[in-house]
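> Quick mapping for you: the protein sequence lines, in order, are chains L and E. FYI, the numbering for the first sequence is 1 to 159, going by this note's numbering. FYI, the numbering for the second sequence is 1001 to 1159, going by this note's numbering. C-beta atoms are modelled at their ideal positions from N, C-alpha and C, and glycine is treated no differently. Please read all numbers here as calculations on a predicted model, not as lab measurements.
There are 2 protein chains.
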Amino acid sequence: MDTASLIKLVGLLKKQQLASLGTLRNGQPFVSMVLFAVADDFSAFYIHTSKLAFHTQDFLKNPVVSLMIMEAASANPDPQQLARISLSGTVSAVNAEDDNFGRAQLLYLTKFPQSEPLFGFTDFSLYRITPENARYVAGFGKAFNLTLASLREAARVSS
Amino acid sequence: MDTASLIKLVGLLKKQQLASLGTLRNGQPFVSMVLFAVADDFSAFYIHTSKLAFHTQDFLKNPVVSLMIMEAASANPDPQQLARISLSGTVSAVNAEDDNFGRAQLLYLTKFPQSEPLFGFTDFSLYRITPENARYVAGFGKAFNLTLASLREAARVSS
Chain L
1 MDTASLIKLV GLLKKQQLAS LGTLRNGQPF VSMVLFAVAD DFSAFYIHTS KLAFHTQDFL
61 KNPVVSLMIM EAASANPDPQ QLARISLSGT VSAVNAEDDN FGRAQLLYLT KFPQSEPLFG
121 FTDFSLYRIT PENARYVAGF GKAFNLTLAS LREAARVSS
Chain E
1001 MDTASLIKLV GLLKKQQLAS LGTLRNGQPF VSMVLFAVAD DFSAFYIHTS KLAFHTQDFL
1061 KNPVVSLMIM EAASANPDPQ QLARISLSGT VSAVNAEDDN FGRAQLLYLT KFPQSEPLFG
1121 FTDFSLYRIT PENARYVAGF GKAFNLTLAS LREAARVSS
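#1: Which same chain residues end up closer than 6 angstroms to Thr1049 (chain E) when comparing Cβ atoms and leaving out the 5 residues on each side of it in sequence?
#2: For Leu1035 (chain E), which residues in chain L fall below 7 angstroms Cβ to Cβ?
#3: Under the three-state reduction of DSSP, which class applies to Thr1147 (chain E): helix, strand or coil?
#4: For Arg84 (chain L) and Asp1002 (chain E), I'd like the C-alpha separation in whole angstroms.
#5: Give the residues of chain L in contact with Thr1023 (chain E), contact being defined as C-beta atoms less than 8 angstroms apart.
#6: Would you list the residues sitting across from Met133 (chain L) in a DSSP beta bridge?
#7: Check for me: the alpha helix (DSSP H) holding Ala1004 (chain E) runs from which residue to which?
#8: Note down the Cα distance separating Tyr108 (chain L) from Asn62 (chain L), rounded to an integer number of angstroms.
#9: Name the chain L residues that come within less than 8 angstroms of Val1064 (chain E), Cβ to Cβ?
#10: Round the Cβ separation of Tyr127 (chain L) and Ile47 (chain L) to the nearest angstrom and send it over; I've been treating them as touching at under 8 angstroms.
#11: Around the C-beta of Phe80 (chain L), are 16 or more other C-beta atoms found within 10 angstroms, so that it is buried, or is it exposed?
#12: Would you kindly check if the distance between the Cβ of Leu82 (chain L) and the Cβ of Glu97 (chain L) is under 7 angstroms?
#13: Which runs of the alpha helix (DSSP H) at least 4 residues long sit entirely within the segment 8-61 of chain L? Give them in chain order.
#14: Between the C-alpha atoms of Arg152 (chain L) and Phe45 (chain L), what's the straight-line distance to the nearest angstrom?
#15: Please tell me whether Gln1017 (chain E) and Asp78 (chain L) are closer than 7 angstroms, where the distance is taken between their beta carbons.
#16: Measure the Cβ-Cβ separation of Pro1131 (chain E) and Leu1148 (chain E) and say whether it is below 7 angstroms.
#17: Using beta carbons (cut-off 7 angstroms, strictly below), is Ser125 (chain L) in contact with chain E?
#18: Apply the 10 Å Cβ neighbour rule to Met25 (chain L) and answer buried if 16 or more other Cβ atoms are within range, or exposed otherwise.
#19: Let me know if Ala1004 (chain E) comes out buried or exposed under the rule of 16 or more other beta-carbons within 10 Å of its beta-carbon.
#20: Whose CA, out of L:Phe124, L:Lys8 and L:Ser150, lies closest to the CA of Ala93 (chain L)?
#21: Using a Cβ cut-off of 7 angstroms (strictly closer), state whether Leu18 (chain L) contacts chain E.
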């Protein structure tokens, strides 16, 4: 990947707050909004969602999801040129008794301090999305297929 | 629906340029970015995409899609409060020889004049998404289930 595309990718994953989550709902695609925080090595994306929400009900039944993150609309006067990445992966719960719960919670709350009260709600839980591969579009006609290994490599060279 | 939520809904559909499209890819959800223009009566959402893109390949195989539109991140300091709508519907091609092609193309290009050259590309086509129902979240804990009839009614009262 060229350096300009790599810089954009790192910006997408680290600076954006919102992502579009695709789940399976009665066998059909369903897209909803989530807040996310990414692990330093890009190997995990954390979300904190309610069991009352459609998307949580969906991925608890079928953990295969898609997570799409795009550049802010203000980044380019031509919206078709905006950078975006569609990650495909699997969701698993991060429970309070798990070894990595504290670190994941800290990562999430450092990015979203206003969400702290939600950790006291019994319907909310922390979930980890482990990406298996991704389609990264750095601009019009400039697309890359990435693996978990190439995401980790992007994290390594940019840290 | 309360008036404040209705005003937000109309703003989402009319003012936003970008949406997240959910398709089925090998039986799994896949989310990507699209530009969209909505018909005045909210009964159709037009997109203009390339057959080289994953999402077009997906919906030509299986026309059931989800289209999610969210408020700009700048609209609220708490991203969890942003308004968003997840529409479920079906894609169909709008061909140049169809009666409504001219009107749909004009609607799309009025919103995205910079996309005019793409209408000369043979891999790009205009597609219509007909929504069947929608999940509209006007803010934290404020959700509505909408039908095509309620979308049309929202268009009528706001015009």
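In terms of the structure at hand:
#1: Within the second sequence, residue 1049 (chain E) is the residue found at index 49, counting from 1. The residues are Thr1056.
#2: As a first step, residue 1035 (chain E) must be located in the second sequence, where it is residue number 35. Neighbours of Leu1035 (chain E) on chain L, chain order: Pro79 and Gln80.
#3: Mapped onto the second sequence, residue 1147 (chain E) falls at position 147. Strand at Thr1147 (chain E).
#4: Residue mapping note: residue 84 (chain L) aligns to position 84 of the first sequence, counting from 1. Residue mapping note: residue 1002 (chain E) aligns to position 2 of the second sequence, counting from 1. Rounded to whole angstroms, Arg84 (chain L) to Asp1002 (chain E) spans 34 angstroms at the Cα level.
#5: Stepping through the second sequence from its first residue, residue 1023 (chain E) is reached at position 23. Simply Pro29.
#6: For this step, residue 133 (chain L) is matched to residue 133 along the first sequence. Going by the sequence as given, residue 133 (chain L) is Asn instead of Met. For Asn133 (chain L), which the question treats as bridged, DSSP gives the partners L:Ser88 and L:Thr147.
#7: Residue mapping note: residue 1004 (chain E) aligns to position 4 of the second sequence, counting from 1. That run of the alpha helix (DSSP H) goes Thr1003 to Lys1015.
#8: As a first step, residue 108 (chain L) must be located in the first sequence, where it is residue number 108. As a first step, residue 62 (chain L) must be located in the first sequence, where it is residue number 62. Whole-angstrom Cα-Cα distance: 24 angstroms.
#9: For the purposes of this step, residue 1064 (chain E) is taken as residue 64 along the second sequence, with counting starting at 1. The answer, in chain order, is Gln28 and Pro29.
#10: In the first sequence, residue 127 (chain L) corresponds to position 127, counting from 1. In the first sequence, residue 47 (chain L) corresponds to position 47, counting from 1. Confirmed, about 5 angstroms.
#11: On the first sequence, residue 80 (chain L) is found 80 positions in, with the first residue counted as 1. Inspection of the sequence shows that residue 80 (chain L) is occupied by Gln rather than by Phe. Buried is the call here.
#12: Translated into positions along the first sequence, residue 97 (chain L) becomes position 97. Translated into positions along the first sequence, residue 82 (chain L) becomes position 82. No, Cβ-Cβ distance for Glu97 (chain L) and Leu82 (chain L) is not below 7 angstroms.
#13: 54-61
#14: By one-based count along the first sequence, residue 152 (chain L) stands at place 152. By one-based count along the first sequence, residue 45 (chain L) stands at place 45. So the alpha carbons of these two residues sit roughly 13 angstroms apart.
#15: Numbered from its first residue, the second sequence carries residue 1017 (chain E) at position 17. Numbered from its first residue, the first sequence carries residue 78 (chain L) at position 78. No. Outside cutoff.
#16: As a working mapping, residue 1131 (chain E) is identified with position 131 in the second sequence. As a working mapping, residue 1148 (chain E) is identified with position 148 in the second sequence. Cβ atoms of Pro1131 (chain E) and Leu1148 (chain E): closer than 7 angstroms.
#17: Mapped onto the first sequence, residue 125 (chain L) falls at position 125. Chain E contact via Cβ: absent.
#18: As a position in the first sequence, residue 25 (chain L) is number 25, starting the count at 1. In the sequence on display, residue 25 (chain L) carries Arg and not Met. Buried, by the Cβ-count rule.
#19: Mapped onto the second sequence, residue 1004 (chain E) falls at position 4. Label assigned to Ala1004 (chain E): exposed.
#20: As a first step, residue 93 (chain L) is located in the first sequence; it is residue number 93 there, counting from the start. The shortest C-alpha separation from Ala93 (chain L) is found at L:Phe124.
#21: The residue given as residue 18 (chain L) occupies position 18 in the first sequence. At least one chain E Cβ lies under 7 angstroms of Leu18 (chain L).
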